[in-house]
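In our numbering, the protein residues as written are 49 to 394. Note that beta-carbon positions come from the ideal geometry of N, C-alpha and C, so glycine has one too. Contents: one structure, followed by commentary.
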Amino acid sequence: MARRNTKLLPSLGILLVAGGILLLLWFGWLWFNPGPAPYRYQLVTEGGIDQFAQLGLPAGIDPDLKLAQYEVYAEGVDQPLALTHTARRGTEAPVRLDWENHTSELLLTVDNKLSELAALSVAIAKHAPKDALILAWWDTSRQIHLLAERDTLFTSRIGEPLIVPTPWRERTDAVKRYENEFWGAPAGEQERATFQRFADALLAPPEKGAALLRELAGNREAYIAIHVNDLYKLGLMRPQQFDITYKNFPMEGNMHGLIGYLKSWMQSNQFDTYTLQSLSDKMVRAYFLHKGPNSESLIAQMLPFTESQPLDLQALQLIYQQGGYWVYRIPATGESAAAPEIPAGA
Numbered sequence: 049m050a051r052r053n054t055k056l057l058p059s060l061g062i063l064l065v066a067g068g069i070l071l072l073l074w075f076g077w078l079w080f081n082p083g084p085a086p087y088r089y090q091l092v093t094e095g096g097i098d099q100f101a102q103l104g105l106p107a108g109i110d111p112d113l114k115l116a117q118y119e120v121y122a123e124g125v126d127q128p129l130a131l132t133h134t135a136r137r138g139t140e141a142p143v144r145l146d147w148e149n150h151t152s153e154l155l156l157t158v159d160n161k162l163s164e165l166a167a168l169s170v171a172i173a174k175h176a177p178k179d180a181l182i183l184a185w186w187d188t189s190r191q192i193h194l195l196a197e198r199d200t201l202f203t204s205r206i207g208e209p210l211i212v213p214t215p216w217r218e219r220t221d222a223v224k225r226y227e228n229e230f231w232g233a234p235a236g237e238q239e240r241a242t243f244q245r246f247a248d249a250l251l252a253p254p255e256k257g258a259a260l261l262r263e264l265a266g267n268r269e270a271y272i273a274i275h276v277n278d279l280y281k282l283g284l285m286r287p288q289q290f291d292i293t294y295k296n297f298p299m300e301g302n303m304h305g306l307i308g309y310l311k312s313w314m315q316s317n318q319f320d321t322y323t324l325q326s327l328s329d330k331m332v333r334a335y336f337l338h339k340g341p342n343s344e345s346l347i348a349q350m351l352p353f354t355e356s357q358p359l360d361l362q363a364l365q366l367i368y369q370q371g372g373y374w375v376y377r378i379p380a381t382g383e384s385a386a387a388p389e390i391p392a393g394a
């Protein structure tokens with residue numbers, strides 16, 4: 049009997065090892081095959097620029113661009129969760145131009161208006177030297193490169209941060225895979241590393257941050273374009289370094305009442321300063337920061353918080369503002385801020 053058990057033990061060991069290998073293979077398969085995403089981009093219409101005249105795109109952009117409108121649908125929901133327009137040149141990967149979220153929770157990315165982007169692109173194309181380099185968040189960079197036809201530091205899709213809403217958290221891998229497949233143009237390791245240096249610059253004190261931006265730009269004439277919603281993107285990427293929150297407030301025609309309610313909410317939640325982003329005629333989004341390193345960072349000083357004055361910023365030269373976009377000239381090494389080269393926007 050003892051001998052029979054001895055003979056069975058090696059067989060049992062082999063089965064356990066084989067079972068472990070199968071388990072690892074199964075986990076590996078799940079890793080590379082996370083299942084379908086809980087949503088889809090559904091094409092509504094596509095065509096040339098002349099078919100999207102209502103978007104108000106710049107008149108001088110490449111007439112061969114192909115545009116498309118997509119709606120975002122989720123499983124079991126009849127109404128679209130979001131709407132977006134894309135543009136592409138030839139067989140290149142699509143570039144997202146805007147994002148209109150119809151839900152109460154941030155979804156995949158943050159809202160931005162195509163009208164503001166179009167105005168920004170016109171100003172850059174008209175006034176920035178053709179050999180200038182534009183620094184901006186990776187998605188803004190791709191938009192500027194396509195519409196204004198200027199060189200940008202970032203040309204690929206870095207995909208950070210990806211905002212996965214709470215109901216989809218367990219399927220984050222599937223969401224990432226679907227986003228990568230749909231948008232394409234993945235960034236390489238070097239571009240991703242450079243983007244982290246860009247984030248470092250935005251988080252640094254103004255003088256140090258401006259020096260880092262100049263280092264990234266090299267010797268070229270360079271500008272940086274920042275949007276108010278970049279604040280929240282940066283906070284999601286670096287939550288330990290940049291503590292920011294937001295809250296949407298309805299616009300009811302009484303601005304004084306809104307500001308009073310907003311300040312009361314800020315004090316009740318122990319924040320010290322805020323800035324606003326217009327989402328629509330009926331809604332604004334307020335971003336809140338604490339005093340200290342966060343409010344004294346370069347990005348906070350570049351934007352109109354209640355504790356900052358962009359016009360007085362010495363490290364960079366403010367040259368243009370339109371809606372949520374703020375554009376600064378990056379002085380050359382050893383140079384003080386020079387006269388504006390792009391006129392102030394509306």
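Unbroken beta strand (DSSP E) run spanning Phe336, endpoints:
Met331 to Leu337
Taking Leu131 as part of the beta strand (DSSP E), name the residues at either end of that continuous run.
Ala130 to Arg136
Taking DSSP's pairing of strands, which residues face Tyr89 in a bridge?
Val120
So, for Ala222: in the same chain, excluding its five sequence neighbours on each side, which residues have a beta-carbon less than 8 Å away from its beta-carbon?
Pro82, Gly83, Pro84, Ala85 and Pro86
Can you give the Cα-Cα distance for Ala363 and Pro254, rounded to whole angstroms?
6 Å
Let me know the secondary structure DSSP gives Pro358 once reduced to three states.
helix
Check whether the Cβ atoms of Phe336 and Ser343 sit closer than 8 Å, and answer yes or no.
no
If you follow the alpha helix (DSSP H) that Arg377 is part of, which residue opens it and which one closes it?
Note, Arg377: premise wrong, no alpha helix (DSSP H); beta strand (DSSP E) at Tyr373 to Ile378.
From the DSSP output, which residues share a beta bridge with Tyr322?
Phe336
Given this structure, state the Cα-to-Cα distance separating Ala249 from Thr203, to the nearest angstrom.
In a straight line, the C-alpha of Ala249 is about 19 Å away from that of Thr203.
Going by beta carbon distance, what residues of the same chain come within less than 6 Å of Ala270, once the five residues before and after it are set aside?
Leu181 and Ile378
Please state whether DSSP places Val125 in a helix, a strand or coil.
In the structure shown, Val125 adopts coil according to DSSP, grouped into three states.
Quick check on Ile272: does DSSP put it in helix, strand or coil?
Per DSSP, reduced to three states, the secondary structure at Ile272 is strand.
Counterpart residues of Thr151 in DSSP-defined beta bridges:
For Thr151, which the question treats as bridged, DSSP gives no partner whatsoever.
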